[in-house]
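To keep things clear, I will list the structure first and then write my remarks on it.
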Amino acid sequence: VKRKLAVISLLAAFLLHGLAAPALALKVGDVAGEFICNCGCNKNLAHCDMPCGEELRGFIKDQIRKGLGKEQIVQYMKVNFSQALLAAPEKKGFNLTAWITPFAVVFAGGVLMLKVLSAWASKRHGGEDDDDNNDTPTKPSVDKEYNDRIEAELKEFGW
Amino acid sequence: MSMIGYFALVSAMVISAYATAMSVYGARLNRKALIASGERAALAVGGLLILSSASLWYAFFTRDFSLDYVYNYSDRTLGWLYTLSAFWAGNAGSLLLWALCLGIFTIIIILQNQHKNRDLMPWVTAVLSVCILFFTSLMVFIANPFVRMAFLPEDGRGLNPMLQNPGMYLHPPTTYLGYVGFGIPFAFAIAALATGRLSDVWIRTTRRWTIFAWFFLTLGNLVGAWWAYYTLGWGGYWGWDPVENASFMPWLVGTAYLHSIMIQEKKGMLKIWNMSLIFITFTLTILGGMITRSGIINSVHTFSQSGLGPYMFGFFLLTLVGSFGLLIYRLPQLKSESELDSIISRESAFLFNNLILLGIAFAVLWGTVFPFVSEALVGAKVTVGAPFYDQVSVPLGLALLFLMGVCPLIAWRRASGENLQRNFLYPLLVSFVGAGILVAQGMRQIGALLTLILIFFVLATIVLEFYRGTMARRRMAGEGYLTAFVNLIWKNKRRYGGYIIHIGVIMMFFAAVGGPFKLEVEETLRPGETLVAGNYKVVFDRMWEQPQEKKLNVLAAVSIFDNKTGKRLGSVTPRKEYYEDMGGGASNQPWTRVAVRATFKEDLYFIFSPDEQGREMAGFKVLVNPLMRWMWLAGFVMTFGTIIAVWPDEGEKRRMAMIYAKGTAKQKERVPSEA
């Protein structure tokens, strides 16, 4: 088992080393996907097949050819067109709540679930202790041999 | 004939009110005659809704343009399949489809439960009848599909070209079957609370209905994605449109419910949780209906503003408050029959799976309502589109994928260190070896790589499950490999059907991995000119017009070659359609009919835009979409898995017969004391 774990660790190290590689070249769709079309069609700019969409994508294409990066083009479009064209809220100010809330809810739910499950499991074990201390158990006693057999069968089937 | 349809609709509305009242009074007073009358009324309502629907179809097929609805959604040139599906092309017809599904399901449920669940049935009938009453009332008072025109037109306006696609006769019915299907476990849950019969009988009785509903909602979403891919002409399949979100949310919560009921069946735990999940699932289906019909959110799917929004919202609130109110009332009786043995157990893993599914559903809901929240609180208009959903849902989706692999590996009750080591080692090894190979091959996209690692992991867990099960059968029964494998599935249909469905889900994730590697080339070409997209060379051969009745098609012949070898790979014919007059409120824009050359490796996707004058050149948008075919193939795998999971099982039948017999005996014991 240790050898297998060592193999896994080596592979993980190899993966992490391999990931430190150059980013892919910027595509029109990468930038256009950050905006909605400005003609009121409400489509994502990357998907709008109307002349307005083609025109804006052409503009983005020109900026990429000029050598601008994604962030620069997005900033330029925000200033020269409108912030309302952004396909997603910006990660600042009140809009930050849009991004944080889902993760906060899942995190809070996870913490709550862990607490409830822990309490539930410890209650169960506490109950078992009580039973062990009790001279007259209310539950019918189970034959040890029978219990061992069940455990062995559960183990056999990987439960 | 249309008058018959209208009267059938009005009668269905009135009689469903009667069915509700009789069922509730019958149950409260324990009067069998009233209960039977309520059931007969509900059966009659189902029959009337079938009659009403048949008369609308008749009006479509006989081109009865005196009906406003038929005039708006069909014309004389419409083929019979699209005439059939024009039924649900508009708001009123789609409501009738919803009511029709409800009516038919009510008939089936009543007939299925003539000799069982007799204590639950009056309440089930009442709940389903209330739903029918709501939908028929909407049609009678607000969105009547049988409204007559003031004059008799020669021809109809025709069906919106976007709806003239095979998706039209698959996507809405499958989605509605899913929506309405979840009404059955919802009705049984309400019945269980109303009667205080809070054992898992209601869950076991509706297990197949739940899988049925879940499967059709899955299929509805998948066919919708396929339709978007081939018809909307933007090269993608899921745009996080509000209406897509509306059907995705109940799917997510329904999936959580489908998993957590297993814990109640096995251990008698999570009673409140399961009730809550089915209530949320059902109310989300109503919310979906509201989003589509209220006109408050712009979407390619929405019907024009109909005034139905407030009523749908009212019904949504009624179901939400009513169901949770009843749940709170019964809380003291909803105690678990057993406790959790350990936090490291399959039960816990299932609950975390539930948490993630609900978390994604919440994120989708939050994204859908955030523009209203923002405008109301800070007065700023914002758009919440694909970038938000992608960034929020991808990490949660990966967590879900991870748990999909973990759940089968952790033991029920309590997982020992030995159990974890034994079950996790090989899947981890497989996933890291697979990832190592991918990195060595040059894969550098972190999101895709992480997804693939998890895909390898989950796939390995499933293969391991099949392998261990097959080997155990071989040892115990002395069967050959194939026989042992087939028997393993056949004797544990639910479990292994579920694993096959998981394989389908993995295939969907696999298809999604292709997203970041999408390649897009946009160029204007004259006939004879070429463009290069990835490994393909595309030659624009020629362009021609093809006049048809009420529309003009402009087609392009395009040849595809391997860019390295020069070998001809095939040809495609994308086109643009120009309609004279488009019905259904569509604007007068040309319609794109994309052409796709699909392989398991990638799709070569063509969007063609001819110049409006002269037809001398054309714009081509060519996309290379990797792994797309796996997405559609996943639908077939999931269908296969679902068929296995719901296939009748003798052992389950016997168990259910014993449960029903116990229930009947208890009831008989109770009757003299109550009397």
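Each protein sequence line maps, in turn, to chains A and B. Read left to right, the first sequence gives residues 41 to 199 (our numbering). Read left to right, the second sequence gives residues 513 to 1187 (our numbering). Beta carbons are placed, not taken as given, at the ideal position from N, Cα and C, and that holds for glycine.
Report the residue from B:Ala758, B:Asp631, B:Val1108, B:Ser567 whose alpha carbon sits nearest the alpha carbon of Leu608 of chain B.
By 1-based counting over the second sequence, the position of residue 608 of chain B is 96. Of the candidates B:Ala758, B:Asp631, B:Val1108, B:Ser567, the one whose C-alpha sits nearest the C-alpha of Leu608 of chain B is B:Ser567.
### Task
Kindly indicate if chain A contains any beta-carbon less than 8 Å away from that of Val896 of chain B.
Along the second sequence, read from residue 1 onward, the residue named residue 896 of chain B stands at position 384. At a cut-off of 8 Å, the C-beta of Val896 of chain B has a neighbouring C-beta in chain A.
Original post:
So, are the CB atoms of Phe658 of chain B and Ser549 of chain B less than 8 Å apart?
Top reply: Position 146 of the second sequence, counting from 1, holds the residue named residue 658 of chain B. Position 37 of the second sequence, counting from 1, holds the residue named residue 549 of chain B. Their beta carbons are not under 8 Å apart, which means Phe658 of chain B does not touch Ser549 of chain B by this criterion.
Would Leu121 of chain A pass as an interface residue toward chain B - the criterion being a Cβ-Cβ separation below 8 Å?
The residue given as residue 121 of chain A occupies position 81 in the first sequence. The residue you asked about is not Leu; residue 121 of chain A is Phe in the sequence shown. Under the Cβ distance rule, Phe121 of chain A does not count among the residues neighbouring chain B, no pair being separated by less than 8 Å.
Compare the beta carbon distance of Leu593 of chain B and Tyr681 of chain B with 8 Å and say whether it is the shorter of the two.
Locating residue 593 of chain B in the second sequence gives position 81, counting from the first residue. Locating residue 681 of chain B in the second sequence gives position 169, counting from the first residue. Yes, Cβ-Cβ distance for Leu593 of chain B and Tyr681 of chain B is below 8 Å.
inquiry  = Quick check: what's the CA-CA separation for Leu843 of chain B versus Lys779 of chain B?
reply    = For the purposes of this step, residue 843 of chain B is taken as the residue at position 331 of the second sequence. For the purposes of this step, residue 779 of chain B is taken as the residue at position 267 of the second sequence. Near 18 Å, if we compare the C-alpha coordinates of Lys779 of chain B and Leu843 of chain B.
Original post:
Is the shortest distance between the beta-carbon of Met117 of chain A and the beta-carbons of chain B less than 8 Å?
Top reply: The residue given as residue 117 of chain A occupies position 77 in the first sequence. Answer no: the Cβ-Cβ gap between Met117 of chain A and chain B never drops below 8 Å.
Only counting the same chain, and skipping five residues up and downstream in sequence, which positions put a Cβ closer than 6 Å to that of Cys79 of chain A?
Counting from 1 along the first sequence, the entry for residue 79 of chain A is found at position 39. Closer than 6 Å at Cβ, skipping near neighbours: Cys92.
Checklist entry - Is Trp592 of chain B helix, strand or coil by DSSP? => result Taking the first residue of the second sequence as 1, we reach residue 592 of chain B at position 80. Trp592 of chain B falls in the helix class under three-state DSSP.
Next item on the list: Determine the DSSP secondary structure at Gly1082 of chain B, reduced to helix, strand or coil.
Entry: Numbered from 1 along the second sequence, position 570 holds the residue referred to as residue 1082 of chain B. Of the three classes helix, strand and coil, the one that applies to Gly1082 of chain B here is strand, per DSSP.
Review point. Taking Cβ positions, are Leu96 of chain A and Leu852 of chain B nearer each other than 8 Å?
Key: For the purposes of this step, residue 96 of chain A is identified with residue 56 of the first sequence, where counting begins at 1. For the purposes of this step, residue 852 of chain B is identified with residue 340 of the second sequence, where counting begins at 1. The Cβ atoms of Leu96 of chain A and Leu852 of chain B do not sit closer than 8 Å to each other.
>> Do Phe760 of chain B and Thr1154 of chain B count as a contact pair if the criterion is CB distance below 8 Å?
In response: Indexing the second sequence from 1 puts residue 1154 of chain B at position 642. Indexing the second sequence from 1 puts residue 760 of chain B at position 248. Against a cut-off of 8 Å, the Cβ pair of Phe760 of chain B and Thr1154 of chain B comes out as no contact.
Practice prompt. Would you grab the beta carbon distance between Pro1086 of chain B and Val1106 of chain B for me? Rounded to a whole angstrom, and I think it's under 8 Å.
Written response: The residue you call residue 1086 of chain B lines up with position 574 of the second sequence. The residue you call residue 1106 of chain B lines up with position 594 of the second sequence. Right, their Cβ atoms sit about 6 Å apart.
Buried/exposed call for Val119 of chain A, threshold 16 Cβ in 10 Å
As a working mapping, residue 119 of chain A is identified with position 79 in the first sequence. Looking at its Cβ environment, which holds fewer than 16 other Cβ atoms inside 10 Å, Val119 of chain A is exposed.
Buried versus exposed call for Pro685 of chain B [16 or more other C-beta atoms within 10 Å across all chains shown]: Residue numbering aside, residue 685 of chain B sits at position 173 when the second sequence is read from its first letter. When all chains shown are included, Pro685 of chain B counts as buried.
| field | 6 Å CB neighbourhood of Leu1000 of chain B in its chain, flanking five on each side removed | value | Numbered from 1 along the second sequence, position 488 holds the residue referred to as residue 1000 of chain B. Same-chain partners within the cutoff: Gly981, Thr982, Arg985.
Best match in B:Phe698, B:Arg709, B:Gly819 for proximity to Pro762 of chain B [C-alpha to C-alpha]: As a first step, residue 762 of chain B is located in the second sequence; it is residue number 250 there, counting from the start. Ranking B:Phe698, B:Arg709, B:Gly819 by Cα distance to Pro762 of chain B puts B:Phe698 first.
Is the CB of Asn78 of chain A under 8 Å away from at least one CB in chain B? Numbered from its first residue, the first sequence carries residue 78 of chain A at position 38. No, Asn78 of chain A does not count as interfacial toward chain B.
**Q.** Range covered by the beta strand (DSSP E) that runs through Ile1072 of chain B
**A.** Within the second sequence, residue 1072 of chain B is the residue found at index 560, counting from 1. First-last of the beta strand (DSSP E) with Ile1072 of chain B: 1063-1074.
- Is the shortest distance between the beta-carbon of Ala520 of chain B and the beta-carbons of chain A less than 8 Å? Locating residue 520 of chain B in the second sequence gives position 8, counting from the first residue. By the rule that beta-carbons nearer than 8 Å mark a contact, Ala520 of chain B does not touch chain A.
Distance cutoff 8 Å, beta carbons only. Does Lys67 of chain A sit that close to anything in chain B? On the first sequence, residue 67 of chain A is found 27 positions in, with the first residue counted as 1. For Lys67 of chain A, the answer is yes, since a Cβ of chain B falls inside 8 Å of its Cβ.
Grouping DSSP H, G and I as helix and E and B as strand, with all else coil, what is Phe936 of chain B? To locate residue 936 of chain B, count along the second sequence from 1; it is residue 424. If DSSP states are grouped into helix, strand and coil, Phe936 of chain B belongs with the helices.
For this session: Report the neighbours of Gly149 of chain A on chain B: residues whose CB is nearer than 8 Å to its CB, in chain order.
Result: Start at 1 with the first residue of the first sequence, and residue 149 of chain A comes out as number 109. Under the 8 Å cutoff, chain B gives Leu867, Leu870, Gly871.
(message) Restricting to Cα atoms, I'd like to know which of B:Lys1062, B:Ser565, B:Ile644, B:Thr1151 is closest to Pro605 of chain B.
(response) For the purposes of this step, residue 605 of chain B is taken as residue 93 along the second sequence, with counting starting at 1. Per the sequence shown, the amino acid found at residue 605 of chain B is Gly instead of Pro. Closest option to Gly605 of chain B, Cα to Cα, is B:Ser565.
Original post:
How many Å lie between Leu915 of chain B and Gly948 of chain B at the Cα?
Top reply: Taking the first residue of the second sequence as 1, we reach residue 915 of chain B at position 403. Taking the first residue of the second sequence as 1, we reach residue 948 of chain B at position 436. Distance between the alpha carbons of Leu915 of chain B and Gly948 of chain B is about 22 Å.
- Return helix, strand or coil for Ser1121 of chain B, following the three-state DSSP convention. Within the second sequence, residue 1121 of chain B is the residue found at index 609, counting from 1. Ser1121 of chain B: strand per DSSP, three-state reduction.
Identify the residues that DSSP records as bridge partners of Gly149 of chain A: which are they? On the first sequence, position 109 is the one that residue 149 of chain A refers to. DSSP, once it has assigned bridges, lists no residue as partnering Gly149 of chain A.
ask   = What does Gly73 of chain A touch in chain B if you count any residue whose Cβ is under 7 Å from its own?
value = Your numbering for residue 73 of chain A matches position 33 in the first sequence. The CB of Gly73 of chain A comes closer than 7 Å to the CB of Ala898, Pro899 in chain B, given here in chain order.
Helix, strand or coil for Glu1128 of chain B? Go by DSSP, reduced to three states.
Here residue 1128 of chain B refers to the residue found at position 616 when the second sequence is read from its first residue. In the structure shown, Glu1128 of chain B falls within a coil segment according to DSSP collapsed to helix, strand and coil.
Please confirm whether Ser860 of chain B has its beta-carbon closer than 8 Å to some beta-carbon of chain A.
Your numbering for residue 860 of chain B matches position 348 in the second sequence. Yes, its Cβ sits closer than 8 Å to a Cβ of chain A.
- Hey, Val71 of chain A and Ile100 of chain A are a contact pair by Cβ (cut 8 Å); roughly how many whole angstroms apart? Position 31 of the first sequence, counted from the first residue, corresponds to residue 71 of chain A. Position 60 of the first sequence, counted from the first residue, corresponds to residue 100 of chain A. About 5 Å; that satisfies the 8 Å criterion.
Point to revise | Spatial distance of Met781 of chain B from Thr718 of chain B (CA atoms) | key: The residue labelled residue 781 of chain B in the question sits at position 269 within the second sequence. The residue labelled residue 718 of chain B in the question sits at position 206 within the second sequence. Spanning the two alpha carbons is a distance of roughly 18 Å.
TODO: Specify the secondary structure class of Ser528 of chain B as computed by DSSP and reduced to three states.
DONE: As a working note, residue 528 of chain B is residue 16 in the second sequence. Note: Ser528 of chain B maps to helix in three-state DSSP.
For this session: Would you tell me roughly how many angstroms separate the C-alpha atoms of Val1158 of chain B and Leu705 of chain B, rounded to the nearest one?
Result: Against the second sequence, residue 1158 of chain B aligns to sequence position 646. Against the second sequence, residue 705 of chain B aligns to sequence position 193. Computed Cα separation, rounded: 26 Å.
Q.
In the DSSP output, which residue or residues are listed as bridge partners for Phe978 of chain B?
A. In the second sequence, residue 978 of chain B corresponds to position 466, counting from 1. In DSSP, Phe978 of chain B forms no bridge with anything.
task: May I ask you to verify whether the stretch 1020-1030 of chain B touches the stretch 961-976 of chain B, counting CB pairs closer than 8 Å and requiring at least 3?
output: yes
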